[in-house]
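Asker:
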Amino acid sequence: MADAEKYLEHVKKYVSNPNEDAVAAIVRHCGIALRNRDSALVSGTDPEELKRVRESWLKKKLALTENDEALDAAIQTVMEKMKGDRSKERVTVYYLLAEHFKKLEGLVKPAAAPKGAKAEAKPAAEAKPAKSAAKK
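By the numbering used here, the letter at position 127 of the sequence shown is numbered 539, and the numbering carries on one by one without gaps.
(1) Say whether the region 422–436 touches the region 455–462, bearing in mind that this needs 3 or more beta-carbon pairs closer than 8 Å, one atom from each stretch.
(2) Flag this pair as yes or no: are the beta carbons of Ala475 and His512 separated by less than 8 Å?
(3) Output yes or no for whether 8 Å exceeds the beta carbon distance between Val520 and Tyr419.
(4) Using CA coordinates, which residue listed in Asp415, Lys425 and Asp480 is at the minimum distance from Gly443?
(5) What does DSSP give as the partner residues of Glu501 in its beta bridges?
(6) Using the three-state DSSP reduction, which class does Glu417 fall into: helix, strand or coil?
(7) Taking the alpha carbon of Ser499 as the reference point, which residue from Ile438, Arg449 and Arg440 has its own alpha carbon closest?
(8) Let's test the definition: count the other Cβ atoms within 10 Å of the Cβ of Arg447 and tell me whether it reaches 16, buried, or not, exposed.
(9) Rounded to whole angstroms, what's the CA-CA distance from Ala525 to Ala434? Just pull it up for me.
(10) Taking the alpha helix (DSSP H) that Lys493 belongs to, which residues open and close that run?
What follows is the structure in structure tokens.
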């Protein structure tokens, strides 16, 4: 989880009290891409990179349905907010976009049921009848 802590510190440059679980979820989502410096950063001046952010993060992961102009405007708002930072960390960009669209909570998976908890059994009437073993 040391990786998530590193990115959390970067997010704190822009957000006073970030959702740590959301940062961890973004780090998990980005996965191996964060190991390469080039793919761990977002180029705010590369139209293809910004299109990738819009298509892969905003539309696919966050399932946003706004038109491209609205999504591009949000990306530009984040880029403007981060303009003093030459290295725009992908995790931070994604976090700020998710925050902009109020999607942070959707990134955090609900806690799993305790291991001791059992699923409710179906009533006998709903249970499938056993197949007969032999045909005559």
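Idealized CB from N, CA, C, for every residue including glycine.
Answerer: By the coordinates alone:
(1) no
(2) no
(3) no
(4) Asp415
(5) Leu453
(6) helix
(7) Arg449
(8) exposed
(9) With a pLDDT of 48 at Ala525, under the threshold of 50, the predicted position of this residue should be treated as unreliable, though the coordinate-derived value follows. Computed Cα separation, rounded: 20 Å.
(10) Asp480 to Lys493
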